[in-house]
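Going by this note's numbering, the first residue of the sequence shown is number 2, and it counts up by one from there.
A virtual CB, placed ideally from N, CA and C, is assigned to each residue, including glycine.
Comments concern the structure below.
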Amino acid sequence: MVDGHILGRGARWFGSFACALLALLSLVWIGRDLTVTGSLPDLWWSWTGLPADRPDGVLVSSLYDPVLVVVYAVAAATAIRSSAAAGILGCAAVVTVALRVPGLWALNEDWLRAPGGLDSELRNQALLSAGAAATLATVLLISVAAARRPADADTGYGLLSPEERPPPAPGDAAAFVASFFLWVAAVGIGGWTVYDAVDTGWSAYWHQLTGEGTLGSLLQPPPAYGKWFTVGLCLTAAVGALLRAPLSRPMGMTASALVLGLGGADTARQLRAKVFEDFGALPTDRALSVITALVLLLAGFAALWALAGRAPEDPMAQPLTGWRESGSAPPNW
């Protein structure tokens, strides 16, 4: 969609501003939930899925919100000067739409609208927030698609600013490492999601896909839906990395952030349950789930490290900086 394309200055600034607004939306709900749980550790344990006594109300934010805040912050900060701004902003927009749109149907379901079941004002505020985020992300995605243009290989004077250069593709080693660990993450998450479907039965698993009775917070995507989206993003980025597609770098880093969130939450739950103190006595499925959580952490870090490194420069695509022919006009004349 955006490989080999760059954005103009106006589109970059709009994208950065949109990401800042999206981050602010999530931060507002995180701040609100802090007043409900009373402390950041309690909020974290609620995000991980551990049961908590919250007599003062329900939560709105979920584990995905801090991950999204990081994605938005990085996108807003780097889009101004990065040649990969189109991919960075496009990935942030796609992830936002994918994770916020489920709230538009889940928050309108009868089981949430039942009298006495949920504060209608809070539900309406969460619904408005999800709709605003999805709309803003859609506008951002459209603006990226409309404003992108082919990267200039030459300005005529031998000078290119960093944001005008073609988006860098991952190097051979980085592409292999990232692709391998993204595949590992996809298999780990997808495998356990299939296991849950077989173990609980289709009727119960359907609720995991739709969110009915399984949401830990109002803006949380349905559990199985969120995991399958992460699997799809990992696989797409892994294939793109093997093909040396420039878009695979921002997409892979975004997927790695989601994997780190899921792996971190699972590992934190296992540590709190002190499963490592008597690991040998655990049932096989429980032991495998513990190992998978650690593998997801490793895979997320490894893929992120591989893709975040400085991409190799293509000497054939870059002009001689500072050089121009005798008698030619100076840059930006």
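Under 9 angstroms between C-beta atoms, does residue i make it to chain D?
i	result
GLY172	In summary, chain D is missing from the structure at hand, where a single protein chain is found.
Do you know offhand how far residue i's Cα is from residue j's?
i	j	result
VAL95	ASP279	42 angstroms
LEU308	ALA179	7 angstroms
LEU244	GLY227	26 angstroms
GLY132	LEU261	26 angstroms
LEU298	ILE292	10 angstroms
LEU28	LEU123	16 angstroms
VAL185	GLY241	15 angstroms
LEU60	GLY214	14 angstroms
LEU22	ILE143	17 angstroms
ALA134	VAL98	8 angstroms
ILE277	LEU90	Going by the sequence as given, residue 277 is Phe instead of Ile. Near 40 angstroms, if we compare the C-alpha coordinates of LEU90 and PHE277.
PRO1	LEU283	Residue 1 lies beyond the range of the chain shown here (2 to 334); nothing can be said about it.
LEU263	SER290	12 angstroms
GLY212	GLY189	22 angstroms
ALA127	LEU219	7 angstroms
ALA266	THR49	5 angstroms
PHE18	THR136	14 angstroms
GLY172	TRP306	13 angstroms
ALA254	LYS275	Here residue 254 turns out to be Met, not Ala, going by the sequence shown. In a straight line, the C-alpha of MET254 is about 31 angstroms away from that of LYS275.
LEU272	VAL145	42 angstroms
TYR196	LEU44	28 angstroms
ASN125	HIS6	39 angstroms
LEU64	GLY217	10 angstroms
Any idea what DSSP makes of residue i, helix, strand or coil?
i	result
ILE81	coil
ARG245	coil
ARG150	strand
GLY157	Its pLDDT being 48, under 50, GLY157 is placed unreliably by the model, and the measurement read from it follows with that caveat. In the structure shown, GLY157 sits in coil (DSSP, three-state: anything other than H, G, I, E or B).
Would you say the beta carbon of residue i comes nearer than 8 angstroms to a heavy atom of the ligand NAP?
i	result
GLY132	This structure simply doesn't include the ligand NAP, nor any ligand for that matter.
Report the option in the options whose CA atom is closest to the CA atom of residue i.
i	options	result
THR268	GLY9, GLY58, TYR196, ALA288	ALA288
TRP193	PHE182, GLY91, TYR206	TYR206
CYS92	PRO103, ALA175, GLN209, THR139	THR139
GLY104	PRO223, GLY281, GLY189	PRO223
ALA12	SER63, THR49, ARG82	ARG82
TRP14	ALA147, THR79, GLY191	THR79
LEU26	ARG273, TRP45, ARG101, ASP43	ARG101
ALA239	GLY217, GLN209, GLY281, ALA303	ALA303
CYS20	GLY58, GLN221, ALA76, SER62	ALA76
TRP229	ASP34, ARG150, ALA187, GLY217	ALA187
To the nearest whole angstrom, what separates the beta carbons of residue i and residue j, a pair I think is in contact under 8 angstroms?
i	j	result
ALA258	LEU183	Actually they are not in contact, since the Cβ atoms of ALA258 and LEU183 sit about 12 angstroms apart, beyond 8 angstroms.
THR38	SER47	6 angstroms
ALA170	ALA246	7 angstroms
ALA148	LEU8	5 angstroms
Does the region 58-77 come within contact of the region 229-248, defined as at least 3 CB pairs closer than 8 angstroms? no
For the pair the region 196-208 and the region 248-256, tell me if three or more CB-CB distances fall below 8 angstroms. no
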